[in-house]
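Have a look at the structure below, then the notes.
Next up, the structure:
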């Protein structure tokens, strides 16, 4: 059963069509990929799914529920979390605080009970901290929990971004170029990590990636965008041998 | 550890109020006036810091909300006989003419009305960002002032209100300040405070983490307006006279100066610099007057101290952008651990 589905999404900015007729399906517990040359509209597709943009036409379904045009924070609440291509951590805040903030959406309280520390709020706050520490343990960031997030090495920042997305308790995770700027060894670790969190947190993952090694390694199905148009879709093997994909990436003779 | 902190905080508060008691009895009337002013500016700085420093929304509307608070509290506390004589151009509307209440309810109502107006203003304005937001809030602040000038039968227009009951003593001023400090510290360290800081750090990421941007900004703006209203009311009852011209943009500028000097996003910074800047503004009054150097007399230029403050603000922005405290806060943990550290050193 498809947990996330888009039907003919088209996104136009003025006269430019960034994404046109994008239809995809993400089955539960699968990892699928979205590739394409620079400027193909991959991130725009992500932004449409996560509610940053309202599509010009088309629909998005999450568990058969139409979520087209819902605000980003509500989409996260429903269970779709994301990371960003250019890391967007809360720089001046500590690693632990970054993860705690992602827990805020599950808090059932109000600012005034928080200020007067009602037992209900204190219990929830304690639970949030325990949960966040456990998550940081899980992703091997527990040793740096009190560091400000901008001071972390690049690879750690990437991992913290994923951890922060996981803290929102998602069912679907959208990763925007998680391997960007990583060397082959780091990419391998990342692949293992992605598969590990998929199994551990019962996730379905949709990722944009440029590193072919990563995409071909973990994705069961791949969509290829070029100039906003879906030029191919299929298994990694099919994509590798698809002449239109080769043409889009390498040009034609 | 937590219990220890609470006890230490309680002791600190008791010590602080004892100090106030001593200062209050030692100081002459001019000095206690400055002391009272310090407490008020701390409240106002915290108000502006909540929206600018913690939520990262550049708002410049403080003076307008202060005006609302000051007028509300003034109208609610003035004796009916005095109102009858003050409103000589046009009598006050009947439903306000006979109201007279004590200071505490008036202060709270002043805050609430200011918060209500803040809430209404925020709904359209908070859709803007950065300098556009600053311009819009600044504009609203001026609109509030113009409305007050023209509501002759409620606010007495440009004549202002004179002879307000002199309620703002050291206890009121610093009592409110301490309540605000405690409130802010608890709020900022709660999950809601973290949500506000997340908005400051990165709105797009905050939204992607499930934080409702609009609702949180609206909350911060409303609470900030409440505090500005209460601060304005305290100021009115300290001055004894209020008129619309008092609440011009320059007043917001003074408070912004305190926030920037103290550190944008630090409660501790706002408190320290609230006191320093208020005292300095009084101390620097000498440059407004003639300065006698013995062999020659430098002629005083009124307003010279504002020039000095402007230069100070520029120097801080150019060279010490983080202010006194940056985004750091005073904490008991910090003090206790530094002492422990000292002990360990002695052993070694």
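Residue numbers (my numbering), protein chains in the order written: chain P, 322 to 574; chain F, 553 to 900. Each residue gets a CB set at the ideal place from its N, CA and C atoms; glycine is no exception. It should be emphasised that the depicted structure is a prediction, and the values quoted were computed from it without experimental measurement.
For residue i, count neighbouring Cβ atoms within 10 angstroms of its own Cβ and tell me buried if that reaches 16, exposed if not.
i: residue 514/F; result: Given a span of 553 to 900 for chain F in the structure shown, any question on residue 514/F remains unanswerable.
i: residue 573/F; result: exposed
i: residue 900/F; result: In this prediction, residue 900/F has a pLDDT of 43, which is less than 50 and means its spatial position is unreliable; what the coordinates show is noted afterwards. Flag for residue 900/F reads exposed.
i: residue 488/P; result: buried
i: residue 897/F; result: Because residue 897/F sits at a pLDDT of 49, beneath the cut-off of 50, its placement in the model cannot be relied upon, and the following sentence gives the value as read from the coordinates. Exposed, since its Cβ has fewer than 16 Cβ neighbours within 10 Å.
i: residue 464/P; result: exposed
i: residue 642/F; result: exposed
i: residue 855/F; result: exposed
i: residue 372/P; result: buried
i: residue 529/P; result: buried
i: residue 512/P; result: buried
i: residue 935/F; result: Residue 935/F lies beyond the stretch modelled for chain F, which goes from 553 to 900, so this question has no answer here.
i: residue 498/P; result: buried
i: residue 710/F; result: exposed
i: residue 403/P; result: buried
i: residue 447/P; result: exposed
i: residue 835/F; result: exposed
i: residue 564/P; result: exposed
So residue i packs on residue j, CB below 8 Å; how close in whole Å?
i: residue 682/F; j: residue 610/F; result: 6 Å
i: residue 814/F; j: residue 597/F; result: 7 Å
i: residue 445/P; j: residue 429/P; result: 7 Å
i: residue 560/P; j: residue 539/P; result: Contact flag wrong, Cβ pair sits at about 14 Å.
i: residue 818/F; j: residue 603/F; result: So it is not a contact: roughly 14 Å between Cβ atoms.
i: residue 700/F; j: residue 796/F; result: 5 Å
i: residue 774/F; j: residue 674/F; result: 7 Å
i: residue 415/P; j: residue 466/P; result: 7 Å
i: residue 658/F; j: residue 625/F; result: 5 Å
i: residue 450/P; j: residue 421/P; result: 7 Å
i: residue 740/F; j: residue 645/F; result: About 41 Å; that fails the 8 Å criterion.
i: residue 401/P; j: residue 383/P; result: 6 Å
Tell me whether the beta-carbon of residue i lies closer than 8 Å to the beta-carbon of residue j.
i: residue 793/F; j: residue 712/F; result: yes
i: residue 696/F; j: residue 620/F; result: yes
i: residue 432/P; j: residue 569/P; result: no
i: residue 345/P; j: residue 327/P; result: yes
i: residue 555/P; j: residue 341/P; result: no
i: residue 493/P; j: residue 527/P; result: yes
i: residue 622/F; j: residue 788/F; result: yes
i: residue 698/F; j: residue 689/F; result: no
i: residue 353/P; j: residue 543/P; result: yes
i: residue 313/P; j: residue 347/P; result: No answer is possible for residue 313/P: it lies beyond the span of chain P, which begins at 322 and ends at 574.
i: residue 653/F; j: residue 784/F; result: no
i: residue 482/P; j: residue 391/P; result: no
i: residue 457/P; j: residue 484/P; result: yes
i: residue 453/P; j: residue 410/P; result: no
i: residue 811/F; j: residue 612/F; result: no
i: residue 671/F; j: residue 719/F; result: no
i: residue 560/F; j: residue 886/F; result: no
i: residue 750/F; j: residue 758/F; result: yes
i: residue 629/F; j: residue 717/F; result: yes
For the alpha helix (DSSP H) that residue i lies in, which residues bound it at each end?
i: residue 454/P; result: 440 to 459
i: residue 568/P; result: 564 to 571
i: residue 853/F; result: From DSSP, residue 853/F is part of no alpha helix (DSSP H); its letter is neither H nor E.
i: residue 423/P; result: 416 to 424
i: residue 790/F; result: 765 to 791
i: residue 685/F; result: 682 to 702
May I ask whether a heavy atom of the ligand NAP can be found less than 7 Å away from the beta carbon of residue i?
i: residue 528/P; result: In terms of ligand content, the structure shown is empty, and the ligand NAP therefore cannot be addressed.
Just curious, the beta strand (DSSP E) that residue i is in, first and last residue?
i: residue 389/P; result: First-last for residue 389/P: undefined, no H or E at that position.
i: residue 555/P; result: 550 to 555
i: residue 525/P; result: 525 to 529
i: residue 327/P; result: 323 to 334
i: residue 542/P; result: 542 to 547
i: residue 403/P; result: 401 to 403
i: residue 501/P; result: Careful: residue 501/P lies outside any beta strand (DSSP E) and carries neither H nor E.
i: residue 342/P; result: 337 to 348
i: residue 360/P; result: Neither: residue 360/P is in no beta strand (DSSP E) and is coded neither H nor E.
Would residue i count as contacting chain C if we go by Cβ distances under 8 Å?
i: residue 364/P; result: Of the protein chains in this structure, namely P and F, none is chain C.
Per the contact definition of three or more C-beta pairs closer than 8 Å, is the region 817 to 824 of chain F in contact with the region 832 to 851 of chain F?
Contact between the region 832 to 851 of chain F and the region 817 to 824 of chain F is absent, with fewer than three C-beta pairs closer than 8 Å.
Report yes or no: do three or more beta-carbon pairs, one from the region 372 to 389 of chain P and one from the region 724 to 739 of chain F, lie closer than 8 Å?
No: the two stretches stay apart, fewer than three of their Cβ pairs being nearer than 8 Å.
Could you tell me whether the region 740 to 755 of chain F touches the region 407 to 427 of chain P, where touching means 3 or more Cβ pairs closer than 8 Å?
Yes: the two stretches touch, three or more of their Cβ pairs being nearer than 8 Å.
Determine contact between the region 583 to 591 of chain F and the region 796 to 807 of chain F, defined as no fewer than three beta-carbon pairs at a distance below 8 Å.
With fewer than three CB-CB distances shorter than 8 Å, the region 583 to 591 of chain F does not count as touching the region 796 to 807 of chain F.
With a threshold of 8 Å, are at least 3 pairs of Cβ atoms found where one atom belongs to the region 390 to 402 of chain P and the other to the region 761 to 769 of chain F?
Two segments are said to touch when three or more pairs of C-beta atoms, one from each, lie closer than 8 Å; by this definition the region 390 to 402 of chain P touches the region 761 to 769 of chain F.
Would you be able to state if there are at least three C-beta pairs under 8 Å between the region 576 to 587 of chain F and the region 632 to 640 of chain F?
The region 632 to 640 of chain F is not in contact with the region 576 to 587 of chain F.
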